[in-house]
Amino acid sequence: CVDSPDGREHIESYLTRTVVPYIDATYRTIATRAGRSLLGLSQGGYCVSMLALRNPSLFGTAIAFSGYYQAGIHSAQTVNAALPFDGNQASIAAHSPDTLAAEVPAAMRGRLLIELEADPNNRFYGTQYDQFSNELEAAGIPVALFPTPLGHSWIAPRVYLPAVLTTLAAHEVALGAFG
1066 CVDSPDGREH
1076 IESYLTRTVV
1086 PYIDATYRTI
1096 ATRAGRSLLG
1106 LSQGGYCVSM
1116 LALRNPSLFG
1126 TAIAFSGYYQ
1136 AGIHSAQTVN
1146 AALPFDGNQA
1156 SIAAHSPDTL
1166 AAEVPAAMRG
1176 RLLIELEADP
1186 NNRFYGTQYD
1196 QFSNELEAAG
1206 IPVALFPTPL
1216 GHSWIAPRVY
1226 LPAVLTTLAA
1236 HEVALGAFG
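Under our numbering, the first residue of the sequence shown carries the number 1066, and numbering increases by one thereafter.
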């Protein structure tokens, strides 16, 4: 979900500059940041958090189910996470949600919402969940936490989707997306 440092892949640019305008032009959307949200699981949780924090004028909410929040992280759970960065430390730093939170412009921080779901007892995802939520809170970015005992699975999104969508709707109403 990133533009590769070698310039061969333009995934973030495609998503933000082509997909979002296409969707807004083609479908009946609320074509404002308050009406745009992202949702992802696992690596998708990383992607939605990174995209929202790097593009806070484009997206109002990111919902991450059992994600990780360090670009290029090496672990048994994230065997391919480092590939897009090819060891480029500047690109890793520029795409790590855990450090991007502090870089969101102060005027936009309170208008962004990050919803996180994970098993706090999971050694990898639980640690990521705790650390990232602390970084968001320290940066003054609202965070809604959904701790679960369901682990890193497809079951958790099925169970928690109603609650995260209810929280999303309340955030969009507060931002004036519907009026």
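Note that the Cβ used here is the ideal one computed from N, Cα and C, for glycine as well. Predicted model only: the values in this text are computed from it and were never measured.
With distances taken between CB atoms, is the gap from residue i to residue j smaller than 7 Å?
| i | j | result |
| --- | --- | --- |
| ALA1221 | LEU1230 | no |
| LEU1103 | ALA1127 | yes |
| SER1131 | ALA1183 | yes |
| ILE1023 | LEU1177 | The structure shown has nothing for residue 1023, since the chain only spans 1066 to 1244. |
| ILE1138 | ALA1146 | yes |
| PRO1086 | ASN1153 | no |
| PRO1121 | VAL1067 | no |
On the three-state DSSP scale, how would you describe residue i?
| i | result |
| --- | --- |
| PRO1086 | helix |
| ASP1163 | helix |
| SER1102 | strand |
| ILE1179 | strand |
| PHE1211 | strand |
Judging by CA-CA distance, which residue of the options is the nearest neighbour of residue i?
| i | options | result |
| --- | --- | --- |
| TYR1111 | ARG1098, HIS1236 and LEU1165 | LEU1165 |
| PRO1212 | LEU1181, ALA1204 and THR1094 | LEU1181 |
| ARG1223 | ALA1159, GLY1105 and LEU1148 | GLY1105 |
| ALA1171 | PRO1149, ASN1186 and ALA1203 | ALA1203 |
Need the endpoints of the alpha helix (DSSP H) that residue i sits in, please.
| i | result |
| --- | --- |
| VAL1238 | 1220 to 1240 |
| PHE1197 | 1190 to 1204 |
| ILE1076 | 1076 to 1079 |
| ALA1171 | 1171 to 1174 |
| ALA1129 | Note, ALA1129: premise wrong, no alpha helix (DSSP H); beta strand (DSSP E) at 1126 to 1130. |
Can you give the beta carbon distance from residue i to residue j, rounded, assuming they're within the 8 Å contact cut?
| i | j | result |
| --- | --- | --- |
| SER1107 | HIS1217 | 7 Å |
| ALA1099 | GLY1241 | 6 Å |
| GLU1077 | LEU1116 | 7 Å |
| PRO1162 | PHE1189 | Contact flag wrong, Cβ pair sits at about 15 Å. |
| LEU1080 | ARG1101 | Contact flag wrong, Cβ pair sits at about 11 Å. |
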